[in-house]
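42 is the number of the first residue of the sequence shown in the working numbering; add one for each residue after it. Read through the structure below, which is laid out as structure tokens, and then see the notes.
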Amino acid sequence: MIKIRKNVPKNSIIYLFIIICLNLKLNVQYKNYFMNMRSIFFTILFFISFFNFSQINTPRTSPASELTQIVGLTEIEVQYSRPSKRGRTIFGGVVPFDKLWRTGADNCTKISFSTDVMIDDKSIKSGTYSVFSIPSKGNWNIILYSETDLWGVPKNWNEDKIVFQSEYNSTKIAENNLVETFTISFNNLSNNDVDMLFSWDDTTVSMNIDVPTRKMVGKNIEEVMNGSPSSSDYYSAAVYYKQENIKLDLALEWINKAIDMFETPRFYQLRQQSLIMAANNKFSDAIETAEKSLKLSIEADNQDYITMNKESISEWSQKL
42 MIKIRKNVPK NSIIYLFIII CLNLKLNVQY KNYFMNMRSI FFTILFFISF
92 FNFSQINTPR TSPASELTQI VGLTEIEVQY SRPSKRGRTI FGGVVPFDKL
142 WRTGADNCTK ISFSTDVMID DKSIKSGTYS VFSIPSKGNW NIILYSETDL
192 WGVPKNWNED KIVFQSEYNS TKIAENNLVE TFTISFNNLS NNDVDMLFSW
242 DDTTVSMNID VPTRKMVGKN IEEVMNGSPS SSDYYSAAVY YKQENIKLDL
292 ALEWINKAID MFETPRFYQL RQQSLIMAAN NKFSDAIETA EKSLKLSIEA
342 DNQDYITMNK ESISEWSQKL
């Protein structure tokens, strides 16, 4: 008995059956029966092959796009379709003023946050939302909507599903820098926030998104420091505080501990120590440490750190 696995493609089963029928030596009494069966299966095969090969794939007018941006410790993902101008009038034409727009094409534009975020001082829970907008002359209303399985604008708009709505000024783009294809992008990225831009034709709109990086990192630092922190923990926490320009006295304490714990401090570690010393106005100590970093940088032939250390030593020397 021949056993056919369930996951074998249907076409393969048909081909197998035909081969068996063609090669088996059949008894005379069954020959006509199987001849008819072969005719039937050839006919079925013809139609299946016809439909399989008659499917034509063409590109979408507004190609789909995905955009992921890490902001601090938060991942922001955008899924949208990108229509192009193609010589048309966009705002006030293809996209009517003062009408709800899907902010793209085809399926509604979606945005996902891996953590809670803040937009215009309003807390937005982690999750996925549809992005709708109402473009007007001079400003846009941007809306986050809880329903996401949508093609375009919902037929039955539900105010209760509005998670966020706020008005933003739109900015005109220079004539020599027009945006042919609708673009969502991120700019002015920091550990704590980012600007989300909507740009098409001669118009761009910016929406700022705040992320809870300081809160998350602060909680993590507290948990680690209450345990048994390593030299790397002290170093990472100190550098983070210096980057954020917060708790600089604690940053100095921790960077000094880290350097003391390192068996052989590297030039980039000493560089960070010198920067934190300078941030605490301890310029003599900063210069001394920068000179150590400079020496190791020369030995490592790292031109970037050689230049940075020389510039810092010159700058801090003027503050003594």
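We treat Cβ as the ideally placed atom computed from N, Cα and C, and that holds for glycine. Keep in mind it's a predicted model, so treat the numbers as computed, not measured.
Using only CA atoms, which one of the options lies nearest to residue i?
i	options	result
residue 233	217, 324, 243 and 259	259
residue 294	150, 323, 308 and 309	323
residue 191	142, 217 and 237	142
residue 252	132, 123 and 158	158
residue 346	284, 327, 236 and 309	309
residue 154	208, 169 and 354	169
residue 217	207, 242 and 225	242
residue 213	297, 348, 132 and 171	132
residue 171	121, 108 and 156	121
residue 284	221, 254 and 271	254
residue 301	351, 165, 272 and 225	272
Alpha carbon to alpha carbon, how far is residue j from residue i? Give it in angstroms, no decimals.
i	j	result
residue 147	residue 113	31 Å
residue 344	residue 338	7 Å
residue 277	residue 313	10 Å
residue 162	residue 182	16 Å
residue 361	residue 332	16 Å
residue 151	residue 173	9 Å
residue 250	residue 140	24 Å
residue 264	residue 119	33 Å
residue 340	residue 239	48 Å
residue 287	residue 149	41 Å
residue 129	residue 244	14 Å
residue 279	residue 291	7 Å
residue 328	residue 219	49 Å
residue 91	residue 102	Residue placement at residue 91 cannot be trusted, given a pLDDT of 49 that sits under 50; what the coordinates show is reported in the next sentence. Using only the alpha carbons, I get a separation of about 27 Å.
residue 111	residue 167	14 Å
residue 318	residue 179	48 Å
residue 196	residue 123	22 Å
residue 104	residue 256	38 Å
residue 203	residue 160	14 Å
residue 125	residue 145	10 Å
residue 164	residue 115	14 Å
Go to residue i, then tell me how far its beta strand (DSSP E) extends in each direction, as first and last residue.
i	result
residue 241	234 to 242
residue 169	168 to 177
residue 152	150 to 154
residue 117	115 to 122
Using the Cβ count rule (16 or more neighbours within 10 Å means buried), how would you classify residue i?
i	result
residue 215	exposed
residue 230	exposed
residue 357	buried
residue 176	buried
residue 137	exposed
residue 330	buried
residue 342	exposed
residue 269	exposed
I'd like to confirm the pairing. Which residues does DSSP put opposite residue i in its beta bridges?
i	result
residue 219	Partner(s): none; residue 219 has no beta bridge.
residue 207	183
residue 251	159 and 234
residue 228	236
residue 111	116
residue 125	222
residue 106	121
residue 132	136
Any C-beta of chain C sitting closer than 9 Å to the C-beta of residue i?
i	result
residue 125	Absent from the structure: chain C. Only one protein chain is present.
In terms of residues, what are the limits of the alpha helix (DSSP H) holding residue i?
i	result
residue 291	289 to 302
residue 358	344 to 358
residue 320	308 to 320
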